[in-house]
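Trainee: Numbering (this note's numbering), first residue to last: 7 to 170. From the three backbone atoms N, C-alpha and C, an ideal C-beta is built for every residue, glycine too.
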Amino acid sequence: MNDFVVADPGRCIGCRTCEIACALAHSKDGALSSLTAESFVARLKVVKTARVTTPIQCRHCENAPCVKACTKAALVQSGDSVQVVEGVCIGCKECVMACPYGAIELCADNDDAKTVKVIKCDLCKTSDGSPACVKVCPTKAINEIHGYDLIEEIKNKRIRAALG
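Laid out in structure tokens, this is it:
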């Protein structure tokens with residue numbers, strides 16, 4: 007099972023700190039002062055409804071529908087995650103339509119404003135090894151889930167339920 011980032015909607019306050027951290031982690035120099043409206047590209051999106059707010063992020067599916075849908079191999083399974091191969095995407099949107107979580111978007115290519123490219127969570131790592139969004143969440147609503155830990159947790163939960 008792949009690693010992924012998950013959010014607890016009950017704890018998310020919709021502050022969008024995770025979006026800022028993500029955009030900074032993927033900016034050219036990592037400086038807040040260098041971010042502009044055009045260069046602010048977060049690989050997750052905070053969605054707000056009347057009752058809940060939560061970030062929408064890639065779940066790095068094991069048999070990822072987005073990878074299967076991509077005819078140009080711009081999305082690939084790499085280790086325990088799904089990654090974008092830079093410069094390969096043609097902007098066809100097949101992966102966007104295939105993603106069951108709505109976690110893939112297209113954005114203008116900064117090098118060529120006439121073309122678009124796919125963006126999605128890449129499980130970026132900060133100095134302490136955690137994704138930027140996890141590190142900055144003030145309510146700890148966002149957590150990195152390690153696939154094999156999740157399998158073990160599910161197994162233990164089933165045992166506890168069976169034993170009563």
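Between which residues of its own chain and alanine 68 is the CB-CB distance below 6 angstroms, once the five residues before and five after are set aside?
Mentor: Rather than alanine, the amino acid found at residue 68 in this sequence is glutamate. Closer than 6 angstroms at the Cβ level, and outside the excluded window around glutamate 68, lie Asn8.
Trainee: So valine 102 and glutamate 111 are supposed to be a Cβ contact under 8 angstroms. How far apart are they, rounded?
Mentor: Valine 102 to glutamate 111, Cβ: 7 angstroms. Contact.
Trainee: Thinking C-beta only, is valine 124 closer than 8 angstroms to cysteine 95?
Mentor: Result yes, Cβ atoms of cysteine 95 and valine 124 sit closer than 8 angstroms.
Trainee: Buried or exposed, going by whether 16 or more other CB atoms sit within 10 Å of the CB of serine 87?
Mentor: Flag for serine 87 reads buried.
Trainee: So, is glutamate 159 buried or exposed, given that buried needs 16 or more other C-beta atoms within 10 angstroms?
Mentor: Burial call: exposed.
Trainee: Quick check on this structure: which residue in Lys78, Pro106, Thr55, Ala56 has the alpha carbon closest to the alpha carbon of alanine 70?
Mentor: It is Pro106.
Trainee: Go through its chain and collect everything with a Cβ distance to alanine 31's Cβ below 6 angstroms, but skip five positions before and after it.
Mentor: If we look at alanine 31 and ignore the five residues flanking it on each side, its Cβ neighbours are Cys130, Ala138.
Trainee: Aspartate 128 and valine 90 look like a contact to me (Cβ under 8 angstroms); what is the Cβ gap, rounded to whole Å?
Mentor: Rounded, the Cβ-Cβ distance is 7 angstroms, consistent with contact.
Trainee: Between cysteine 64 and alanine 109, how many whole angstroms is the CB-CB distance? I'm expecting something under 8 angstroms.
Mentor: Contact flag correct, Cβ pair sits at about 4 angstroms.
Trainee: Determine the direct distance from the alpha carbon of alanine 43 to that of arginine 166, and round the result to whole angstroms.
Mentor: So the alpha carbons of these two residues sit roughly 50 angstroms apart.
Trainee: Quick test of your reading: isoleucine 148 and proline 61, contact by CB under 8 angstroms. State the CB separation rounded to the nearest angstrom.
Mentor: So it is a contact: roughly 6 angstroms between Cβ atoms.
Trainee: Which residue comes first and which comes last in the beta strand (DSSP E) that contains isoleucine 151?
Mentor: Looking at the DSSP string, the run of the beta strand (DSSP E) that includes isoleucine 151 is 148 to 151.
Trainee: Could you check the C-alpha separation between alanine 48 and alanine 27 for me, to the nearest Å?
Mentor: Whole-angstrom Cα-Cα distance: 8 angstroms.
Trainee: At what residues does the beta strand (DSSP E) containing lysine 51 begin and finish?
Mentor: First-last of the beta strand (DSSP E) with lysine 51: 51 to 54.
Trainee: Exposed or buried, which one is leucine 169 when buried takes at least 16 other CB atoms within 10 Å?
Mentor: Exposed.
Trainee: Pull up the DSSP beta-bridge partners for isoleucine 26, would you.
Mentor: Isoleucine 26 pairs with nothing; no bridge assigned.
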